[in-house]
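Colleague: Chains as they are written, first to last, in the numbering used here: chain U, 19 to 117; chain G, 165 to 850; chain Y, -18 to 192.
One structure, as C-alpha cells, below. Some questions next.
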C-alpha cells in the first residue's frame, strides 16, 4: 500500500464522516419530518459514522476477520449491549412501575 | 466526637479522635496493626534487609516474584478477615437477647471489612498471584507481556490494602457492607470518612485488576511458546484467560459505581441521592453488573487449579478437556447475564425476574459438566490423596451443596422468602469458600514446591484441611437453618431464643476455621524448618503434565533457557513419554529481560497518599499524590535503558547446575512423592 | 486465532507500519493489542456512563432539561474541531509511515494539539455558560450525569493532549525510533477512539436532547 492510497482512505473517511455529521445536525432542526423518523435516522447516522471511523481511521474491516482485535471488538460490543440493554430494561421498568 | 464541619488545611478532618480509644476490641485491633507494622519495620532494620527487599522484591518485575508478593499480601489480609469473621460469629452467638460485646457501629465495620477484604484483598490478590506465577510457565513464556504494568497492578492493590489496614488505626471504616448501597452510604446518612475508605480502597483494587486483566489477555494471546495453540493450553491457563477477559469488562461498572458515589459525596451531585432526581437503584444495578461477573472471576481460577490437581493426582489426562473449556467460556459469558438475581426484590416486573432467574439456572449446566468431568478424571485413575487433592474433593462435595441452594435462590419467589436472611450468607459462603478459597489453598499447596524448591509438610496440611472443612460445615450449615427461621443477616443482636444453639454451633465452627488458618501457618513454619528434607530442586515432584513442571524448582528468572516447541496437549508428559524431558542444549542465546523498575512502588505509594488524602479531605496530599503519579509515568517514558541481557555464560552456569541435580536425582514413583526421597524427578509410569 | 503457526502479515488497529518498517511493526503487535484491550475496557466505562445518562435524562428535579440548555452551534463547532484533529492525526501517521520526517511530523502533531486544545477551550466555555445560567451539576440528577459523561470525555482528551506534548518532546530528544513510533501508533488509536466517543456524545446528548 502506498502513500497515495492510504491518503485517499483518510480523505474518503473524512468526507463520509462530515456528510453523516451534517445529516445528523441538519435533521435536528429540520422539523418537516416527524420526530420519530428523525430520531431513528440520527441514531443510524451515529452508528454509520462509528463504522466509518473504524474502517477509515482505525483500519479495521471485515476482510481480515481472522484477527484477534476484530473478535475483541465484537465481543466488547456484545458485552456492552448486554450491560447497557439490561440496565435500561431494568431501570426503565422500575421508573414505569413507580409512576 | 467533633462536628463534621471541622477541617484543617494540613490534616483535613483527621484528628487524634480518629484513634478508636472508646472500644477495647477496636483498640486491640489497632494495637495489633501498629505493632505488626512497627515489628516488621524493626525486624527488617535489625536484619538489614531493606536493600534486599527493595532491589530483589519491591522493584522486581519478574512475574514469579510479583506472584509471590500477591500471595503474601493475600495471606496477611486473610488472617485479618478470618479474625473478623470469628468476632462476628462470637458476637452473634452471645447476643441473643443480650447486647453482646460489640457496639452496632463497630459490628457494622466488621462485616464491611470482612466482606471487602475477602473479595478484593484476599481472593483477588491470591488468584492474581497464582495466575501470575503459573501462567507464563504453563504457556512457555519468559514473562508476562507488560512486566512493569504488572508491578503497578500489584502496588495499586497493595495501596488499597494499606488503606483498609490504616482504617483500623485511624478509624472508622464504612458500615455500609461490602456492597456499599446508597443512600445509606451517601453523605446525608453517612457524613463521616468511613465510606470514603471503602470507596478508595475498592477503587484502587478495581483499577489494579483491570490492568492485570489487560496484561494477562495480551500475555496469553501473544506470548505463547511456538506451537502452543489455544486448544493445547492447560486448563488453568484457559480459566485465567476467561478471568482476564471478565476482569476488563466487569471492573468498569464497579469503577463507575464507586466514582459516581464519590462524586455524590464529595461534590454534592445527585446520582444516588434520595432527592433532586437521584436514583439509588442505578447504583445497585451498576454494582451487580460488576458483582456477578466478579463471582465467576474468583471461582474460575479455582476451577482451573482443580482441573490441574485432579489430573495430576489421578495420573490421568483430564476427562473432557474440550468440554471443560467450552463450559468455562459458557460460564464466563453467562455470568454477564444474571446480575439481577442479586436484587430480585427491588421492584422490577416479574418478567425481568423470570428472565434473569432462568439465566441463573442455566449456569448450573456448564458447572455440572465440569463437576462430572472432574469426577470422571478421577475414575479409574491411580488417585493419590495428597493434600491438594483432599481440598479438591472437599470442594467437589461442598460446592455441589452450595450450588443447589443457589438454584433454590434463583427462583424469584423463594428468593423473596429468604432474601436478606442468613440463608443467603450460608449460600454464598458455601460456594465461595470451597469454590474459591479451597481452590486457592489447593493451588498454594500444589505449586509451592515449584516456587520455593521444597514441599510443604503433608501432616499439617491434612490437619489444616480437616479443620477448614469441618469448621466450614459447622459454621455455615446452621446459617441455612437460621435463615429459614428468619434470622436477618448482619444482625448485631437477635431476640429469638431458638437461634442460640445454632449460633453457638456456628461460632464453634468459626473457631475450628481459625484452627485451620493457624495450621496453615504452622505448616509453613514446619516446612521452612525442615526444608532440607523436602527439597525438590529437580522440579517435578508430582509427576506433572504441563510445562511449568519442566523447569527447575524454583525456576530460573528467564524460566526457559530455550523456548520449548509445543506439539500437543500436556507437553511435559509428552516429553517424558518420548524420553527427552530434560534436553541438554549445546548452545544458548543471550536472553533479554526487563530491568527492575521503581515505577510500581512509586505509583503505589503515591496512590495510597492520594487516596488517604481524599479519605480525610487532606487536599494537598491528594494533589501531591496525583502529581507524583503523572510525573513518574512521564519520567519513566523517557527512560530508554529498560532492558538487560543475561549472558550466555550465566545461562550455561544456571542450566549446568540444574542438569547436575537432575543427573544425581533418583526417580521416585508417585507413591513416594511425600517422602524425602522425592527430589523432584518423577519415574515415568505411562 | 493462532498466529504462531503461519507467519501471517500481522495487523492491528490504526496505522500499520508493515511495509515501511517491519521491525517496529513486529514490536508494535503486543503493545497495540494491549492498548486496544484497554480501550475496550474504557469503552465499557463510557457505555455505562451513557446508560446512566439515559436513565437520568428526565430526572431534572424541576430544573432545566436538555432542550433548554443545549445549543446546536457550539456542539457543531466542537464536533468539527475534533473531526479535523482526527484527520490531522491521520496525516501525522502517514508522515510517520512514509516520510519518516521528524519536523513534518511535529508540525502535524502540533496542528492536532492546537485543535485538541481548542476543543477543550470550547467545552470549558460551554460549561462556563451553563454554570452562569445556574445549571450546575449539583442541581439535578440529569445535570450530574450530563457533566460527568461529558467531562470524562474531556479528561480523556486532556490526557491525549498531554500525551501529544510528551511525544513532541520525545521526537526532539530521540528522533523517530522504534519506541517513539509504537507510542505514536497507540496515541493515534487513542485519539481516533475519543472521536468515536464524541460521535455518541453529540448524538445522544446534544442532538437527541434538542430534537
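Note that beta-carbon positions come from the ideal geometry of N, C-alpha and C, so glycine has one too.
Please identify the residue among G:613, G:593, G:396 whose C-alpha is closest to the C-alpha of residue 638 (chain G).
Modeller: Within the second chain, numbered from 1, the residue matching residue 638 (chain G) stands at position 474. Comparing Cα-Cα distances from residue 638 (chain G) to each of G:613, G:593, G:396, the minimum goes to G:593.
Colleague: Which bits of chain U does residue 417 (chain G) rub up against, with CB to CB less than 8 Å?
Modeller: Locating residue 417 (chain G) in the second chain gives position 253, counting from the first residue. Neighbours of residue 417 (chain G) on chain U, chain order: 101.
Colleague: Of all the alpha helix (DSSP H) runs that stay within the bounds of the segment 25 to 83 of chain U, which reach a length of 4 or more residues?
Modeller: Segments of the alpha helix (DSSP H) lying fully in the segment 25 to 83 of chain U: 53 to 70.
Colleague: Report all residues from its chain with a CB closer than 8 Å to the CB of residue 163 (chain Y); omit the five preceding and five following residues, and keep chain order.
Modeller: Against the third chain, residue 163 (chain Y) aligns to sequence position 182. So the list reads 5, 8, 9, 12, 13, once near-sequence residues are dropped.
Colleague: Label residue 809 (chain G) either buried or exposed according to how many other C-beta atoms from any shown protein chain fall within 10 Å of its C-beta, with 16 as the threshold for buried.
Modeller: For the purposes of this step, residue 809 (chain G) is identified with residue 645 of the second chain, where counting begins at 1. It counts as exposed.
Colleague: Measuring only the C-alpha atoms, how far is residue 203 (chain G) from residue 509 (chain G)?
Modeller: Sequence index remark: in the second chain, residue 203 (chain G) carries index 39 (1-based). Sequence index remark: in the second chain, residue 509 (chain G) carries index 345 (1-based). One C-alpha to the other measures close to 48 Å.
Colleague: Does the beta carbon of residue 105 (chain U) come closer than 7 Å to any beta carbon on chain G?
Modeller: Within the first chain, the letter at position 87 stands for residue 105 (chain U). Yes - at least one Cβ of chain G is within 7 Å of the one on residue 105 (chain U).
Colleague: For residue 790 (chain G), which residues in the same chain have their Cβ closer than 6 Å to its Cβ, ignoring the five residues on either side in sequence?
Modeller: Here residue 790 (chain G) refers to the residue found at position 626 of the second chain. Cβ neighbours of residue 790 (chain G) beyond the five flanking positions: 774.
Colleague: Quick check on residue 798 (chain G): does DSSP put it in helix, strand or coil?
Modeller: The residue labelled residue 798 (chain G) in the question sits at position 634 within the second chain. Three-state result, residue 798 (chain G): helix.
Colleague: Got a sec: which bits of the segment 60 to 88 of chain U sit with their beta carbon under 9 Å from any beta carbon on chain G, in order along the chain?
Modeller: Answer in chain order: 86.
Colleague: Hey, residue 764 (chain G) and residue 315 (chain G) are a contact pair by Cβ (cut 8 Å); roughly how many whole angstroms apart?
Modeller: Locating residue 764 (chain G) in the second chain gives position 600, where the first residue counts as 1. Locating residue 315 (chain G) in the second chain gives position 151, where the first residue counts as 1. Yes, they are in contact, since the Cβ atoms of residue 764 (chain G) and residue 315 (chain G) sit about 3 Å apart, within 8 Å.
Colleague: Compare the C-beta of residue 446 (chain G) with all C-beta atoms of chain Y and state if any pair is closer than 7 Å.
Modeller: Here the question's residue 446 (chain G) lines up with position 282 in the second chain. With 7 Å as the cut-off, residue 446 (chain G) counts as an interface residue toward chain Y.
Colleague: Would you tell me roughly how many angstroms separate the C-alpha atoms of residue 385 (chain G) and residue 680 (chain G), rounded to the nearest one?
Modeller: Here residue 385 (chain G) corresponds to residue number 221 of the second chain, with the count starting at 1. Here residue 680 (chain G) corresponds to residue number 516 of the second chain, with the count starting at 1. Each residue's alpha carbon lies about 38 Å from the other.
Colleague: Which ranges does the alpha helix (DSSP H) cover as unbroken runs of at least 4 residues, wholly within the segment 502 to 555 of chain G, from first to last along the chain?
Modeller: List check, alpha helix (DSSP H) in window: 514 to 542.
Colleague: By how many angstroms is the C-alpha of residue 191 (chain G) removed from the C-alpha of residue 336 (chain G)?
Modeller: Here residue 336 (chain G) is taken as the residue at index 172 of the second chain, counted from 1. Here residue 191 (chain G) is taken as the residue at index 27 of the second chain, counted from 1. Cα to Cα, residue 336 (chain G) sits roughly 12 Å from residue 191 (chain G).
Colleague: Chain G partners of residue 109 (chain U), CB-CB under 9 Å?
Modeller: Position 91 of the first chain holds residue 109 (chain U). Result: 443, 445, 446, 449, 512.
Colleague: What ranges does the alpha helix (DSSP H) occupy inside the segment 35 to 64 of chain Y, keeping only unbroken runs of at least 4 residues that lie completely in it?
Modeller: List check, alpha helix (DSSP H) in window: 47 to 50.
Colleague: Taking DSSP as the reference, what is the three-state secondary structure of residue 756 (chain G)?
Modeller: On the second chain, position 592 is the one that residue 756 (chain G) refers to. Of the three classes helix, strand and coil, the one that applies to residue 756 (chain G) here is strand, per DSSP.
Colleague: Excluding five sequence neighbours on each side, which residues of the same chain lie with their C-beta closer than 7 Å to the C-beta of residue 246 (chain G)?
Modeller: As a first step, residue 246 (chain G) is located in the second chain; it is residue number 82 there, counting from the start. 677, 678, 681.
Colleague: Among the residues of its own chain, which have a CB less than 7 Å from the CB of residue 473 (chain G), if the five just before and after it don't count?
Modeller: Position 309 of the second chain, counted from the first residue, corresponds to residue 473 (chain G). Counting only Cβ-Cβ distances below 7 Å, and skipping sequence neighbours, we find 552, 553, 556, 606, 610.
Colleague: Three-state secondary structure (DSSP) at residue -5 (chain Y)?
Modeller: Translated into the one-based positions of the third chain, residue -5 (chain Y) becomes position 14. Coil.
Colleague: Does the beta carbon of residue 153 (chain Y) come closer than 7 Å to any beta carbon on chain G?
Modeller: In the third chain, residue 153 (chain Y) corresponds to position 172, counting from 1. So, not an interface residue.
Colleague: Going by C-alpha distance, which of G:254, G:750, G:264 is nearest residue 820 (chain G)?
Modeller: Within the second chain, numbered from 1, the residue matching residue 820 (chain G) stands at position 656. When only C-alpha atoms are compared, the closest one is G:750.
Colleague: Would you report the Cα separation of residue 359 (chain G) and residue 437 (chain G), rounded to the nearest angstrom?
Modeller: The residue given as residue 359 (chain G) occupies position 195 in the second chain. The residue given as residue 437 (chain G) occupies position 273 in the second chain. Distance between the alpha carbons of residue 359 (chain G) and residue 437 (chain G): 15 Å.
Colleague: Determine the burial state of residue 77 (chain Y): buried for a count of at least 16 other Cβ atoms within 10 Å of its Cβ, exposed for fewer.
Modeller: The residue given as residue 77 (chain Y) occupies position 96 in the third chain. Buried.
Colleague: Which runs of the alpha helix (DSSP H) at least 4 residues long sit entirely within the segment 562 to 623 of chain G? Give them in chain order.
Modeller: Complete alpha helix (DSSP H) runs here, min 4: 576 to 582, 586 to 596, 603 to 616.
Colleague: Answer yes or no: does any C-beta atom of chain G fall closer than 7 Å to that of residue 45 (chain U)?
Modeller: Start at 1 with the first residue of the first chain, and residue 45 (chain U) comes out as number 27. Cβ-Cβ to chain G under 7 Å: no for residue 45 (chain U).
Colleague: Is the CB of residue 458 (chain G) under 7 Å away from at least one CB in chain U?
Modeller: Stepping through the second chain from its first residue, residue 458 (chain G) is reached at position 294. Output row for residue 458 (chain G): interface = no.
Colleague: Just verifying my parser: in three-state terms, what is the DSSP assignment at residue 172 (chain G)?
Modeller: Numbered from its first residue, the second chain carries residue 172 (chain G) at position 8. Note: residue 172 (chain G) maps to strand in three-state DSSP.
Colleague: Under the DSSP definition of a beta bridge, which residues are partnered with residue 808 (chain G)?
Modeller: As a working mapping, residue 808 (chain G) is identified with position 644 in the second chain. Paired residue(s): G:757.
Colleague: Could you give the DSSP three-state label for residue 160 (chain Y): helix, strand or coil?
Modeller: For the purposes of this step, residue 160 (chain Y) is taken as the residue at position 179 of the third chain. DSSP places residue 160 (chain Y) in helix when its eight states are reduced to three.
Colleague: For the alpha helix (DSSP H) that residue 466 (chain G) lies in, which residues bound it at each end?
Modeller: Position 302 of the second chain, counting from 1, holds the residue named residue 466 (chain G). Run containing residue 466 (chain G): 444 to 477, per the alpha helix (DSSP H) assignment.
Colleague: Check whether the Cβ atoms of residue 465 (chain G) and residue 533 (chain G) lie closer than 7 Å to each other.
Modeller: Here residue 465 (chain G) refers to the residue found at position 301 of the second chain. Here residue 533 (chain G) refers to the residue found at position 369 of the second chain. Contact flag unset, no.
Colleague: Go to residue 107 (chain Y), then tell me how far its alpha helix (DSSP H) extends in each direction, as first and last residue.
Modeller: For this step, residue 107 (chain Y) is matched to residue 126 along the third chain. Segment 83 to 113, the alpha helix (DSSP H) holding residue 107 (chain Y).
Colleague: Check whether the segment 370 to 384 of chain G and the segment 701 to 714 of chain G are in contact - that is, three or more C-beta pairs closer than 8 Å.
Modeller: Contact between the segment 370 to 384 of chain G and the segment 701 to 714 of chain G is absent, because fewer than three Cβ pairs lie under 8 Å.
Colleague: Work out the CA separation of residue 373 (chain G) and residue -4 (chain Y) for me, nearest whole Å.
Modeller: Translated into positions along the third chain, residue -4 (chain Y) becomes position 15. Translated into positions along the second chain, residue 373 (chain G) becomes position 209. Near 29 Å, if we compare the C-alpha coordinates of residue 373 (chain G) and residue -4 (chain Y).
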